[in-house]
Amino acid sequence: MTISDSTIKIENSKPNFIIIVADDLGFSDLSSFGGEIETPNLDKLAKNGFRFTGFHTASACSPTRSMLLSGTDNHLAGLGQMAEYARQFPDLFKDKPGYEGVLNYRVASLAEILSPEYYSFISGKWHLGLEKPYWPSDRGFENSFTLLPGAGNHFKDKLENKIFLPWIYQENGQRIDPHTFPDNFYSSDYFTDKFLQYLDDTESRKDRPFFGLLTFTAPHWPLQAPPETIEKYKGKYDDGPFALRKRRLQRAKELGILSEEVVPHLVETMREKTWESIDDGQRRYESKIMEVYAAMVDKLDQNVGRLLDRLEETGEIENTVILFLSDNGAEGMLMEALPFGGKTFRERICTDYDNSFENIGKGNSFVYYGDLWAQAATAPKYMYKMWITEGGINCPLILHAPSLRQKWQEDAIIDEFTTVMDILPTILTLADIPHPGDTFKNRQVYRPKGVSWVPYLTKQEDTVYGQNKVVGWELFGQRAIREGRFKAVYIPPPFGEGVWALFDVKDDPGETNNISEQFPDVMERMLDHWSIYKSETGLVEMDDTYFKDIKYEKRVIPDSLEP
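Here you go:
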């Protein structure tokens, strides 16, 4: 490596890789996917790259992250259930393989496989193990700065809160005292600062291509953002979530993200009162919460812009493959209804936050935006994060890969069914590094279940991506299995009817029409697939009785799509 005129020259022709992960970002939050939030830097990547509209994750964050780094199913990689949730049922999940609550050692992580040929580093959220030896420094990352739990304050505030969101950070295998962080700490800014620091670390890089993982905690609750960014969105959401939902649906159709014929699922809510039945003061309160959310996404995009500027300055933008994704659907707070240690989510939040109107968005506030705003972001799909339906698992993905873009038109929109497990084999293909197979570093590991996108994106002759691929999901008692255009879904009561339903999600992404009776042979085949999937992954099904005491009532809003 030589440095001349601030430009890094790499003799190695292998591509660099950057994966950027947003936390609970909605499907249509980005303006390139139909949203109104200002995201010019991600839009630039989308315009010059690929937009994936059929991309799927798990329905919650840590399982998705385990799939991303392993290329295989979360029930094999150690996050068969979110660790925070599994602890509520020790008799069911304790000591079960695949339920360790960490990225286990029966998988080889992407950073481990790329090492030592690639220089690997991470900055941001980890959520794959609170204790060593499950930190990123143990899993192939040569430089790492991470928040270890699943969430935390975005400002340097409430540091002594150990009840619900303890600030646990590490850097390169050492715990860090957050009191030493700068007073102007803001998560998205500081994570990017560290990422750029590691990117510029030529001593660690040693003439190698790099793999960088930038994992924001935005826009995960608590919703907090700098006041000047919040001000940009003042009044923008004063007409409420249903109006926003309709605008985004229309814009997504105009962009080609959605078909004109799509039938959106009607909104369902746990709330007693919706937008039309609350007073003006409550409307203003809730619209400000959405303003803060938009500001978090805006600020995330600004930091992506900082990264792109640095790659432009160093002359490496064209040789860097960049992936941007959300880890699951928008957060609609199903968690409010799920059991967590015998307390509701509201009860587990410390009572010493100031959520007055004037204080919303500051570091000592704790607000979240709920199921109505979430369904503005996940439309036309059904529901949101923690649901196994499309609203919880169909997420936006942008791929910047100049070497793959040559045979595509300007608007390269990929509607094929793809999954987060495909990212590892895709990167390994581009890096020309094989997966180790069944054995890695003297331990048995699982092979990836994902499929490389490279043959499809390079339009190799007779390539049909993922033909006859079968993929399953299971979290929080909800189950789903997909083959091609068909998807079977099981939602236990009281959240669903407690029976398997069948959908043609290619034509019906809103999962509005249960076709199990019209296609009994397909339904039978899908249930056979489920049995095989359950056996292959060793997943532990939660019996419906685990939810019998949950108080959960939802109602359909029949006018949620009216003009």
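Residue 493 in our numbering is what sits at position 354 of the sequence shown, and the numbering runs on without skipping anything. We treat Cβ as the ideally placed atom computed from N, Cα and C, and that holds for glycine. Predicted model, so just to flag it, every value in this text is computed and none were measured.
- The beta carbons of Trp669 and Ile620 sit closer together than 8 Å.
- Of all C-beta pairs linking the segment 340 to 358 to the segment 428 to 438, three or more are shorter than 8 Å, placing the two stretches in contact.
- Here the alpha carbon of Phe625 sits roughly 6 Å from the alpha carbon of Val644.
- Taking Met221 as the centre and dropping the five residues before and after it, the same chain places the C-beta of Ala199, Ser201 closer than 6 Å to its C-beta, in chain order.
- The DSSP-derived three-state label of Asp643 is strand.
- A distance below 7 Å between beta-carbons, with the five flanking residues on each side excluded, links Glu239 to the following residues of its chain, in chain order: Gly217.
- Counting along the chain, Glu452 sits inside no beta strand (DSSP E); it lies in the alpha helix (DSSP H) bounded by residues 419 to 453.
- The alpha-carbon of Leu536 is positioned some 22 Å away from that of Asp328.
- Within the segment 468 to 532, complete alpha helix (DSSP H) segments of at least 4 residues are found at 484 to 487, 509 to 517, 529 to 532, given in chain order.
- Pairing His266 with Pro236 gives a Cβ-Cβ distance that is not under 8 Å.
- Beyond the five residues adjoining it in sequence on each side, Ala197 comes within less than 7 Å, by CB distance, of Thr203, Met206, Asn213, Asn467, Ile532, Trp612, Leu614 in the same chain, given in chain order.
- In the displayed model, Ile696 falls within coil according to three-state DSSP, outside both helix and strand.
- Just measuring C-alpha positions, the residue of Asp683, Glu529, Gly509, Asp346 sitting nearest His404 is Glu529.
- For Ile671 and Leu164, the gap between their C-alpha atoms comes out near 32 Å.
- Counting only runs of 3+ residues, the beta strand (DSSP E) found wholly inside the segment 298 to 371 occupies 308 to 310, 313 to 315, 349 to 354, in chain order.
- Relative to the Cα of Phe232, the nearest Cα in the group Pro697, Arg694, Asp698, Tyr685 belongs to Tyr685.
- Residue pairing by DSSP places Gln583 opposite Thr578 in a beta bridge.
- Taking a 10 Å sphere around the C-beta of Ala382, we find fewer than 16 other C-beta atoms and assign the residue as exposed.
- One thing to note: Phe156 has its Cβ no nearer than 8 Å to the Cβ of Phe330.
- Per DSSP, Val401 lies in no beta strand (DSSP E) segment and is marked neither H nor E.
- Annotation for Val443: Ile159, Asn180, Leu181 place their beta carbon closer than 7 Å to its own, counting only its chain and skipping 5 residues before and after.
- By the C-beta density criterion, Arg190 is buried, having at least 16 other C-beta atoms within 10 angstroms.
- In this structure, Ile252 lies near Ile572, with their beta-carbon atoms less than 8 Å apart.
- The beta carbons of Gly210 and Leu242 sit no closer together than 8 Å.
- If you keep only unbroken alpha helix (DSSP H) runs of at least 4 residues inside the segment 540 to 566, you get nothing at all.
- For Val460, the enclosing beta strand (DSSP E) stretches over residues 459 to 465.
- If you check the CB distance, Phe320 and Gly502 do not come in under 8 Å.
- In this structure, Tyr585 keeps its C-beta atom at 8 Å or more from the C-beta atom of Pro633.
- Membership of Asn282 in any alpha helix (DSSP H) is not indicated; the residue belongs instead to the beta strand (DSSP E) covering 282 to 286.
- By the C-beta density criterion, Lys520 is buried, having at least 16 other C-beta atoms within 10 angstroms.
- Rounded to the nearest angstrom, the gap between the Cα atoms of Thr413 and Phe484 is 21 Å.
- Distance from the CA atom of Gly193 to the CA atom of Ile261, rounded to whole angstroms, is 27 Å.
- Under the DSSP assignment, Trp669 falls in the alpha helix (DSSP H) whose first and last residues are 659 to 676.
- In the three-state reduction of the DSSP assignment, Thr568 falls in the helix class, which pools H, G and I.
- For Ser201, the enclosing alpha helix (DSSP H) has its first and last residue at 200 to 209.
- In the structure shown, the three-state DSSP call for Tyr273 is coil.
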